[in-house]
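Numbering of the sequence shown is given in the working numbering, commencing with residue 70 and proceeding in unit increments. Virtual Cβ for every residue (Gly too), placed ideally from N, Cα, C.
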Amino acid sequence: MAKYLVIVESPTKVKTIKKFLGKNYEIMASTGHVRDLPKSQLGFDPEHDYEPKYITIRGKGEVLAALRKEAKKADKVFLATDPDREGEAISWHLQAALNLDPEKTNRITFNEITKSAVKEALKHPRQIDMNMVDAQQTRRILDRMVGYRISPLLWAKIRRGLSAGRVQSVALRIIAKRENEISEFIPQEFWTLGAEFALPGLKSGLEAQLAGKEAGGKYTRISLTSGEQTAAIRETLSGASFCVSTIKKGERTRKAPLPFTTSTLQQEAAKSLNFPTQKTMRLAQQLYEGVDLAGSGTVGLITYLRTDSTRISDEANDAAAAYISSHFGEAFLSEELRNRINHSQGGAAGQKSVAGKVQEPSNNGVHIQDAHEAIRPSDISRTPAEVKEALTRDQFRLYQLIWKRFVGSRMAPAKYETLQIRIASDEVMESDLMRSGAQKHAGENAEEPQGGGACRYIFSTSSSRILSEGYLTVYTETDEEKKGQPVLTEKLTEGEQLELSKMKGEQHFTQPPAHYTEASLVHALEELGIGRPSTYAPTITTLLARHYVTKEKRNLYITELGTAVDDILRKSFPEIDNVQFTAYMESMLDSVAEGRTDWKTILRNFYPDLDKEVQHAEETLSKVKVADEVSDVVCDKCGRRMVVKYGPHGKFLACPGFPECRNTKPYFEKAGVPCPKCGQDVVIRRSKKGRIFYGCSNPECDFISWNKPSTVKCPECGSYMVEKGNRLLCSNQTCGFILPKKTEEKDNK
């Protein structure tokens, strides 16, 4: 019997795939990359056409020895690393490191770790795609060029331990630019004028906002810029009569959202689950590689998690159509799925693809599986409720989000009945203040209103209600309202007179742009073409780890250190720090992957200019002093206020009198609540195993808790309460009283 060796990246995949294949298949893991550029050198030779130098990664000797041993026994070797450029490069490195015979070595890819996908992949092996490998090599060497040439400069000019990166530096520039926009923002005053009209038979009236005015048969929008203008209108309308001028009824549809890509998954998980991007990717990787399910063994629950495609395979669409039809009815199917069913019932066979994936010719003439598919459940029939017991709480929440989004994306749009009502005053004389204010706001070229100052003021309101929920039955986005306002057509008719109950002017100021969150930064990077699905989370993690930005609640703020690094990069390396240039480089990497551009041409064009810029910066830049953050802790040896320093294990406190005074202390972050026992600050601590707990900053106080204490006292026994998820739990175990957390507490967490 023939023997086959399948090499994957992760040991978890070994466990999942092993049960799919027979005894003649040996499944082994490379545990990620096996070769890389050396850490101690640049890793490529500019004098010899940028030829890279690869070495075996330290610690991978035993793994490679075991793989070589099994490869020698095997009649065929299948390289089954991830279906992207990085995975293609790992397969190429494995082939070289194991000295595999190309004749008996095959590359296979699958977008989901299921029995059908793996078996279909084995039926359609191919050669390694060197265009994809070269694109990954180019990215790796470009990143090495930037990191190894600019980082030492930052060490010399600012401080040791800093780094620069091709994508990381542009992400920092985006955050810095937003900070500048916020600091330079000048608020502009504006006002709104609301009115409430009495409706017969209803306790609450009809609320509407001033929208514009009609003068001489011409409608003009109104923008109120001062309290005086607003007061003038209120005074003018104090004795006016009002009637319903128009009632416009209509319908609108809201299309179902597309299934998740890496970017949209990270954004929605951040908004709805409050997950950092790194946590989202870690959990998604676990769901993709496999989870132990009772009665089924280890099963991959979702498809590949690094993708920028929203395409769905034929088989997945068919499964979705069957599931939605049986659980909700055919009326809930999207138009695309209804057409598929009708097409199938009409006898048109339609061209079938391999494992539901479109087959496209690669540049070496063989057919490969298209790895670009949206993130979706590998089996739609595995509902979140069915797998809940096998998942951790966070795994379940992420799987439920992915499952609902996919099911919703295959469903019909939501339909709303809409209503817009305009309420007009009778004709009144416009005040001089309003006319001059409107003229000033509209500009010098604005036309004078006709009618000798007589006009009608128009108030507007709109409402909607759902006619058909469609995809909202299953999935609602975080920022989406599922239910609309009641439609009031049965209460009003055109021309009906209305009684004004009250009128209220409110002052507002324009708001500066919002600080970036992890979700909005990922959205900006994707929109600008910076980086790729696999780089978003590591980029943000690096910015936080280097202390270039800090995260407070959900917002990202640039630090003084980040500003200093950004200033050097912006002034000395304009291309590295340029959004358009970095996006152009991404398009060039795509061109290499598609076989349209020679990979070394990019390196030849990029490195010489970078080398000149580094040399010029070394000669001209002055050393930058970044002040340490001063704490409120006093050094108990010399009396100075200690400063926050960063070490290999995070923050610590050090005396600024170094080297005369070498006193250091651990740094404890304040939890923002007083100690329930003595009233001093509660600080966040970590156990030896890294688990977070809470303790009093007063060394004489013995308060500790695994859960964050709350300022709320138990209404039953008077003990302090602690935060437990979305609830407050009494710390007195014999009491056990539970309260829901207040909204503001959840928002400020």
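Cβ-based neighbour list, residue 766, same chain, cut-off 6 Å, excluding 5 preceding and 5 following: Cβ-Cβ distances below 6 Å link residue 766 to 749, 750, 752 in the same chain, with the five nearest sequence neighbours on each side left out; the list follows chain order.
Same chain, Cβ closer than 6 Å to residue 623, neighbours up to 5 away in sequence not counted: Hits under 6 Å: 586.
Alpha carbon of residue 451 to alpha carbon of residue 591, nearest angstrom: Whole-angstrom Cα-Cα distance: 30 Å.
Spatially closest choice to residue 203 from 764, 561, 667, 725, by CA coordinates: That would be 667, whose Cα lies nearest to the Cα of residue 203.
Nearest to residue 99 (by Cα), restricted to the options 130, 85, 793, 263: When only C-alpha atoms are compared, the closest one is 130.
Presumed contact (8 Å Cβ cut-off) between residue 267 and residue 570, rounded CB distance: Contact flag correct, Cβ pair sits at about 5 Å.
Residues near residue 637 by beta carbon distance below 8 Å, same chain, minus five either side: Closer than 8 Å at the Cβ level, and outside the excluded window around residue 637, lie 222, 223, 226, 227, 686, 690, 693.
Under the three-state DSSP convention, the category residue 537 falls into: When secondary structure is reduced to three states using DSSP, residue 537 falls in the strand class.
Per-residue DSSP class, three states only, for residue 609: In the structure shown, residue 609 sits in a helix (DSSP, three-state: H, G or I).
DSSP state of residue 784 mapped onto helix, strand, coil: In the structure shown, residue 784 sits in coil (DSSP, three-state: anything other than H, G, I, E or B).
N-terminal and C-terminal residue of the alpha helix (DSSP H) that residue 163 is part of: Residues 154-166.
Exposure label - residue 389; buried when at least 16 CB within 10 Å: Classification of residue 389: buried, given that the 10 Å Cβ count is 16 or more.
When 800, 709, 792, 801 are compared against residue 809, the one with the closest alpha-carbon: Residue 792 is the option with its Cα nearest to residue 809.
Candidates 724, 741, 328: closest to residue 733 by CA position: For residue 733, the nearest C-alpha among the options comes from 724.
Other residues of its chain near residue 156: CB distance less than 6 Å, five sequence neighbours each side excluded: Its chain contains 150 as the residues whose beta carbon lies nearer than 6 Å to that of residue 156, once the 5 sequence neighbours on both sides are disregarded; these appear in chain order.
Chain B contact for residue 573 (CB, 8 Å cutoff): Looking at the structure shown, chain B is missing, and only one protein chain is on hand.
Sequence-distant residues of the same chain with beta carbon closer than 6 Å to residue 651, five excluded per side: 239, 599, listed in sequence order.
Selected residue, minimal CA-CA separation from residue 746, among 762, 754, 789, 727: Of all alpha-carbon atoms in 762, 754, 789, 727, the one lying nearest the alpha-carbon of residue 746 is that of 789.
Residue 101, buried or exposed, once every other Cβ within 10 Å from all chains shown has been counted against 16: Around the C-beta of residue 101, fewer than 16 other C-beta atoms lie within 10 Å, and the residue is accordingly described as exposed.
Option nearest residue 113 by Cα separation, candidates 148, 454, 213, 76: The residue with the shortest Cα to Cα distance from residue 113 is 213.
Where residue 437 falls: helix, strand or coil (DSSP): Note that residue 437 scores a pLDDT of 32, beneath 50, so its modelled location is shaky; the value from the coordinates is reported in the next line. Strand at residue 437.
Backbone secondary structure at residue 694 - three-state DSSP: Three-state result, residue 694: coil.
Straight-line gap, residue 703 to residue 738 (C-alpha atoms, nearest Å): Rounded to the nearest whole angstrom, the CA to CA distance from residue 703 to residue 738 is 16 Å.
Close Cβ partners of residue 705 (< 8 Å) along its chain, the five nearest in sequence each way excluded: Result list for residue 705: 732, in chain order.
Whether residue 346 touches residue 335 by CB criterion (8 Å): For residue 346 and residue 335, yes; Cβs fall inside 8 Å.
Residues near residue 363 by beta carbon distance below 8 Å, same chain, minus five either side: Closer than 8 Å at the Cβ level, and outside the excluded window around residue 363, lie 458, 459.
The segment 362-377 contacting the segment 175-183, beta-carbon criterion three pairs below 8 Å: Segments in contact, yes.
Residue closest to residue 567, alpha-carbon to alpha-carbon, out of 265, 631, 343: With distances taken between Cα atoms, residue 567 lies closest to 265.
Short Cβ contact (8 Å threshold) for residue 330 with residue 443: Cβ atoms of residue 330 and residue 443: closer than 8 Å.
Bounding residues of the alpha helix (DSSP H) (the contiguous stretch that carries residue 218): From DSSP, the alpha helix (DSSP H) with residue 218 extends over 199-226.
Rounded straight-line distance, which links the Cα of residue 593 to that of residue 385: In this structure, the alpha-carbon of residue 385 lies about 30 Å from that of residue 593.
Whole-angstrom distance between residue 722 and residue 775, CA atom to CA atom: Cα atoms of residue 775 and residue 722: separation of roughly 24 Å, rounded to the nearest angstrom.
Length of the line joining the Cα atoms of residue 467 and residue 124: Between residue 467 and residue 124, the alpha-carbon positions lie close to 38 Å from each other.
Straight-line Cα distance separating residue 256 from residue 577: Looking at the two C-alpha atoms, the distance is approximately 9 Å.
Cβ shell of residue 449 (< 6 Å), same chain only, five flanking positions each side left out: Within the same chain, residue 449 has close Cβ partners 388, 389, 392.
Extent of the continuous alpha helix (DSSP H) to which residue 383 belongs: Per DSSP, residue 383 belongs to the alpha helix (DSSP H) from 383-396.
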